[in-house]
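Peer 1:
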Amino acid sequence: MVILGAHMSIAGGYYKAVERAAQVGCDCVQVFTKNNNQWRAKEFVADDAARFQDALDRSRISHPLSHASYLINLASPDDGLWKKSLDAMVVELERADHLGIPFVVLHPGSYTTSDEAAGIQRIAEALDEIHRQTSQLGAECLLENTAGQGTNLGWQFEQLGAIIAAVREKKRLGICFDTCHAFAAGYRMATQDEYDATFAELDRAVGLERVRAFHLNDSKRELGSRVDRHENIGHGQLGLEPFRYLLNDRRFQQVPMYLETPKGDTDAGEDWDAVNLVTLRSLVA
Numbered sequence: 002m003v004i005l006g007a008h009m010s011i012a013g014g015y016y017k018a019v020e021r022a023a024q025v026g027c028d029c030v031q032v033f034t035k036n037n038n039q040w041r042a043k044e045f046v047a048d049d050a051a052r053f054q055d056a057l058d059r060s061r062i063s064h065p066l067s068h069a070s071y072l073i074n075l076a077s078p079d080d081g082l083w084k085k086s087l088d089a090m091v092v093e094l095e096r097a098d099h100l101g102i103p104f105v106v107l108h109p110g111s112y113t114t115s116d117e118a119a120g121i122q123r124i125a126e127a128l129d130e131i132h133r134q135t136s137q138l139g140a141e142c143l144l145e146n147t148a149g150q151g152t153n154l155g156w157q158f159e160q161l162g163a164i165i166a167a168v169r170e171k172k173r174l175g176i177c178f179d180t181c182h183a184f185a186a187g188y189r190m191a192t193q194d195e196y197d198a199t200f201a202e203l204d205r206a207v208g209l210e211r212v213r214a215f216h217l218n219d220s221k222r223e224l225g226s227r228v229d230r231h232e233n234i235g236h237g238q239l240g241l242e243p244f245r246y247l248l249n250d251r252r253f254q255q256v257p258m259y260l261e262t263p264k265g266d267t268d269a270g271e272d273w274d275a276v277n278l279v280t281l282r283s284l285v286a
């Protein structure tokens, strides 16, 4: 049985994200634990964690997931930004742990004025220090594959593999696979053979056992565009077939999958998250 959900707003309280997820038919939910476009994080109030966990229990929603701030850049050659990013990621893991969230999804980073090898080494050094500072926590990092815009790292599976290989505590790293990002990066999934080849490549580079979550997003832009623009399921360049292959892949039946598709209502007044979930479930054999 597949585990499907979506990213939800925490406006009004963390428990509100769970309630919103339940309203549209989610099995799992992803949240930001703070404003994703600010460095500063609001303090938790006394019952935030308890109300969040209670909402999960009441709604029978499982596998809560957190996504780290987009400001974090562990590949930065700038020492000030690198240290600020490292500290921010520690806070992300502390906040996830406080809420009982086991994983935090992280974009690996951009090397900007340096180069790929230097960026990968910078990320690994940051992760080693993050692991040292959070050794007592239950929450762990999931590196997300990227579309490859600019100097972003992680768009090639080999780059993710190189980061993991350079980190001391490899067992504390997993992968979050984004369908839109993979497609934009040039990985083909239109046929069963193409899908199989793409995941064989991922297996060789990082190991499928490291895949702990999926982001299910169609793509506004074409294959290999290296532009990250999400679209609703079946309304973009990916089409439905890659999602059909993924949802029926027995290797991933127990791996939670989260929508990050555009919010809002359809022309018929239906919530897009609910529509996307129905579409995905219709693909399961």
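Okay, so the sequence shown: first residue is 2 according to the numbering used here, each after it adds one.
Ideal placement from N, C-alpha and C gives every residue a C-beta, glycine not left out.
1) Can you name the residues that DSSP bridges to Met258?
2) Tell me whether Ser106 sits in a helix, a strand or coil according to DSSP, three-state version.
3) In three-state DSSP terms, what is Ile234?
4) If you drop the 5 nearest sequence neighbours on each side, which residues of the same chain put their C-beta closer than 7 Å to that of Gln254?
5) Please report the Cβ distance between Leu94 and Leu138, rounded to the nearest whole angstrom; I am assuming they are in contact, meaning their Cβ atoms lie under 8 Å.
6) Would you say the segment 160 to 172 touches the segment 217 to 234, given that touching needs at least three Cβ pairs under 8 Å?
7) Counting only the same chain and skipping the five closest in sequence on each side, list residues whose C-beta sits under 6 Å from that of Ala1.
8) Helix, strand or coil for Gln150? Go by DSSP, reduced to three states.
9) Within the segment 77 to 107, note down every full beta strand (DSSP E) run reaching 3 residues or more, in order along the chain.
10) Can you list, in chain order, the stretches of the alpha helix (DSSP H) that have 4 or more residues and sit fully within the segment 177 to 231?
11) Below 8 Å between beta carbons: does that hold for Ala148 and Asp229?
Peer 2: Short version:
1) Paired residue(s): Leu5, Phe215.
2) For clarity, residue 106 is Val in the given sequence; the question names Ser instead. It is a strand residue.
3) Note: Ile234 maps to coil in three-state DSSP.
4) Within the same chain, and ignoring the five residues on either side of Gln254 in sequence, the residues whose Cβ sits closer than 7 Å to its Cβ are Met2, Val3.
5) Indeed they touch by this definition, with Cβ atoms about 6 Å apart.
6) Segment contact: the segment 160 to 172 against the segment 217 to 234, fewer than three CB-CB distances shorter than 8 Å; contact not assigned.
7) In this structure the chain extends from 2 to 286, so residue 1 is not present and cannot be described.
8) It is coil, neither helix nor strand.
9) Look at the segment 77 to 107 and you find these whole runs of beta strand (DSSP E), each 3 residues long or longer: 104 to 107.
10) For the alpha helix (DSSP H) assignment, the uninterrupted runs of no fewer than 4 residues enclosed by the segment 177 to 231 are, from N- to C-terminal side, 180 to 185, 193 to 206.
11) Yes; because the gap between Cβ atoms is below 8 Å, this pair is in contact.
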